[in-house]
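S.K.: In my numbering, the protein residues as written are 763 to 883.
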Amino acid sequence: MNKYDQIFIEDLKCYAKIGIFDWERETKQPLIINITLDIKKFDYISDDINDTVNYKSLSHKINELIEDSEYQLIETLGVEIAKLCLKEKKVINASIKIDKPGALKLSKNVGVIISRSKNEN
């Protein structure tokens with residue numbers, strides 16, 4: 763049995779100026795974000811959005827962060843998204859998967875998975 767309940771956001775499409783090469787940063791590129799959040803299990807369900815994570819609000823914050831960012835590495839962006847998610851009171855662990863389609867000519871996709879916890883020092 764799982765220790766936590768999970769909330770996920772799947773295939774959130776965002777656009778960012780990202781990359782190590784100047785030509786990559788000339789225009790915003792598509793990124794696909796997948797997020798899994800571990801939250802504390804509840805003994806009861808109150809049916810109140812304030813007792814959980816508002817994924818609509820969180821997805822807007824994530825999109826804002828990405829749209830306003832100019833990181834070189836998707837790894838750095840992934841860490842920043844994880845930090846943002848961990849600011850949510852109920853979130854214990856955050857796993858962020860970022861896909862950068864088209865980054866390699868001969869590959870369908872490349873990406874990174876970043877996992878962070880509130881318990882980390």
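All C-beta atoms, glycine included, are put in the ideal place defined by N, C-alpha and C.
Would you mind stating whether residue 799 and residue 769 have Cβ atoms separated by less than 7 Å?
M.R.: Yes, these two residues count as a Cβ contact at 7 Å.
S.K.: Rounded to the nearest angstrom, how far is the Cβ of residue 795 from that of residue 858, given a contact under 8 Å?
M.R.: Rounded, the Cβ-Cβ distance is 7 Å, consistent with contact.
S.K.: Counting only runs of 3+ residues fully inside the stretch 782–842, write out the beta strand (DSSP E) ranges in chain order.
M.R.: If we require 3 residues or more, the beta strand (DSSP E) runs fully inside the stretch 782–842 come out as 791–802.
S.K.: Can you tell me the Cα-Cα spacing of residue 827 and residue 779, whole angstroms?
M.R.: So the alpha carbons of these two residues sit roughly 12 Å apart.
S.K.: If contact is defined by three or more beta carbon pairs under 8 Å, each pair taking one atom from either stretch, is the stretch 808–821 in contact with the stretch 858–875?
M.R.: The stretch 858–875 vs the stretch 808–821: no contact.
S.K.: Compute the beta-carbon to beta-carbon distance between residue 801 and residue 771, rounded to the nearest angstrom, for a pair I have assumed lies under 8 Å.
M.R.: With a Cβ gap of about 13 Å, residue 801 and residue 771 do not count as contacting.
S.K.: If I follow the unbroken beta strand (DSSP E) through residue 872, where does it start and stop?
M.R.: Where residue 872 is concerned, there is no enclosing beta strand (DSSP E), given that its DSSP letter is neither H nor E.
S.K.: Does DSSP put residue 774 in a helix, a strand or coil?
M.R.: If DSSP states are grouped into helix, strand and coil, residue 774 belongs with the strands.
S.K.: How big is the Cα-Cα spacing for residue 872 and residue 833?
M.R.: Approximately 16 Å, taken between the alpha carbons.
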